[in-house]
Structures are given as structure tokens and as C-alpha cells.
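For the sequence shown, our numbering gives the first residue as 144, with consecutive numbering after it. Glycine included, every Cβ here is placed at the ideal spot set by N, Cα and C.
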Amino acid sequence: MTTGLYNSFAALASAQMEGIDYQRSWRSSPISTLLHLAIHGGGIEQGTSELASAAAGDVHDFYTLDGIKQANNGDLHITSTSFDDPQALALAQGATHVISWHGAAGATPMTNLGGLDYTLRDRIGQSLAQAGFAVQVANEEINGNDATNICNRGVRGMGVQLEISTAQRQAFFLNNDLSRSNRQNVTGVFTSYVTAVTSAITKTLVAEGKGQSLVVPRPERGSVDSVASGV
144 MTTGLYNSFA ALASAQMEGI DYQRSWRSSP ISTLLHLAIH GGGIEQGTSE LASAAAGDVH
204 DFYTLDGIKQ ANNGDLHITS TSFDDPQALA LAQGATHVIS WHGAAGATPM TNLGGLDYTL
264 RDRIGQSLAQ AGFAVQVANE EINGNDATNI CNRGVRGMGV QLEISTAQRQ AFFLNNDLSR
324 SNRQNVTGVF TSYVTAVTSA ITKTLVAEGK GQSLVVPRPE RGSVDSVASG V
């Protein structure tokens, strides 16, 4: 986990240039109440935006803020409890379930499980473990248990935070290369990981024994567009 220079999105936006230093993109679904977030995407915590986008697919909501500087992308890191981009908050506050994807340090493949949605957190952990991935409950520093963490800002006041070690994220890309130009070259490990996470989510959101998705009315989203990207 990196430590950035800014304690709010407004502070970042006033000092950095969108489209040059960072970029935002999002997709809003008219049918889903599930959001995948990567607020430290691009060069900040490499691989997280690709994971979140793949997990969301063309069905669920997706948001990312990507660092695109030539160097020092860690400067763009805003902590999850202070991340207040209005676009991201609008998506989170309109979602019943939020999965926030992050990168953690570590030379051993590991996923640290956090967030206040303990049921979904644990089911994702079980699914990952069954698929052969190492998992553990996150320590206090990265456990995502603060109510102000953006993963917990949804309709239900709880979400899941996945803190994925550097070694595990390297395995998702060809030749363990996390560089920007190589992150389009995903491995089978990437696909297996995303499948494990999304399978757990699907099983959790289907009413047990009924074979029907649990439907929660979608709150009004304000100005969120169906498909948009920041400029």
C-alpha cells in the first residue's frame, strides 16, 4: 500500500491534470446493484483496474481511477476512507454490494480479505481457496472495516475489500510483468482468480434453494450516466 500526497479527490484534481497524470472511467448498469471499484488503478496499484473491469464485465457497475504518470504514481493514492470523487461516491451509494480491489505489498501470493460484509467476504475467500489461491483475513491496517471506507458506503453500509499482494498480481500477467503495456496480456491465473471471485458473488446473491436472484430496487443515481468516462 502506498501513501499519496492528497487527502481528497478535490486536492488531487487541483494539483494533477486529468488525462495527463490520471484518468477516471466508469460504467453504470441499468440492471445491476453490484459495483466493482479500483480507486488505486493504473500505475498506483498495478493490475487492480484490470481485475475490477473483468469482474464487472458488461453486466455490473465499474469505476476506476488510474494513475498514468510516467513515474511516482503512488503520489495519486487517496486512502479508501478519504476517497470522495463524487462520481465514485454516486456509484457506491447506489449499490447494494461493493467489491473494492486493491494492491498490497508482498513477495508471496496472498489475498487479504476485508470489508464489513463478512458473509460475502468469507464466501469469496472460500471460493479463492478452493481454486488454489492463498487467502487470509486482512490485518487491521488494511482490513477495510472503517464505515467511511468507500467499500462500505453502499446501500447496506457494508462491502468487501480485496488486498492482493504484488506476487499474486504479477502472476496475473504474462512473464510476471506489471508494466502498463503488458497488463493487457493476462494469464490463465487471472481468469481463474476472477472466476473464483465472481462465482462466489453469484452464489451469495442467489436465494438459496430458489434459483432466483435477490432483487433489490435500485436507488436513484442522480447524474450517473449509463456509460461514461472522465475527461
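Between the beta-carbon of L219 and the beta-carbon of G147, is there less than 8 Å?
Yes. Within cutoff.
With DSSP collapsed to three states, give me the class of F315.
Of the three classes helix, strand and coil, the one that applies to F315 here is coil, per DSSP.
Between the CA atoms of I307 and L317 - distance to the nearest angstrom
L317 and I307: Cα-Cα distance of roughly 17 Å.
How many Å lie between T341 and G258 at the Cα?
Whole-angstrom Cα-Cα distance: 17 Å.
Does Q230 pass the burial test, meaning 16 or more other C-beta atoms within 10 Å, or should it be called exposed?
Label assigned to Q230: buried.
Can you grab the Cα-Cα spacing for the pair G210 / G186, in whole Å?
Between G210 and G186, the C-alpha separation is close to 5 Å.
Are G331 and Q304 close, meaning C-beta to C-beta below 8 Å?
Contact flag unset, no.
Under the DSSP definition of a beta bridge, which residues are partnered with I307?
Listed as beta-bridge partners of I307 by DSSP are G246, T254.
According to DSSP, what are the bridge partners of Q279?
Note: Q279 sits in a beta bridge opposite N255.
CB contact flag (E188, G246, <8 Å):
With respect to the 8 Å criterion, E188 and G246 are classified as neighbours on the basis of their beta carbons.
If you check the beta carbons only, do S270 and A343 fall under 8 Å apart?
Less than 8 Å separates the beta-carbon of S270 from that of A343.
Nonlocal neighbours in the same chain, by C-beta distance under 8 Å from T254, ignoring five residues either side:
If the five residues before and after T254 are omitted, its C-beta is found closer than 8 Å to the C-beta atoms of G268, L271, F276, A277, V278, Q279, L305, E306, I307, S308, Q311, all from its own chain and listed in chain order.
Check this for me: beta carbons of G200 and T191, under 8 Å apart or not?
Cβ distance not < 8 Å, so G200 and T191 don't count as in contact.
Rounding to the nearest angstrom, what Cα-Cα distance links W169 and A233 in this structure?
Note on geometry: alpha-carbon atoms of W169 and A233 lie some 11 Å from one another.
Range of the contiguous beta strand (DSSP E) that encloses F333
Unbroken run through F333 is the alpha helix (DSSP H), 331-347; no beta strand (DSSP E).
Through-space distance from A238 to T251, alpha-carbon basis
Taking the straight line from one Cα to the other gives about 33 Å.
Just to confirm the assignment, what range does the beta strand (DSSP E) spanning L263 have?
Note, L263: premise wrong, no beta strand (DSSP E); alpha helix (DSSP H) at 261-273.
Report the CB separation of Q236 from G297 in whole angstroms; it is logged as a contact under 8 Å.
Taking C-beta atoms under 8 Å as the contact rule, Q236 and G297 qualify, at a distance of about 7 Å.
Label A158 either buried or exposed according to how many other C-beta atoms from any shown protein chain fall within 10 Å of its C-beta, with 16 as the threshold for buried.
Residue burial annotation: A158 is exposed, with fewer than 16 other C-beta atoms found within 10 angstroms of its C-beta.
Alpha carbons only, please: which of N282, I221, I182, A195 is nearest the one belonging to S151?
Of N282, I221, I182, A195, the residue nearest in Cα terms is I221.
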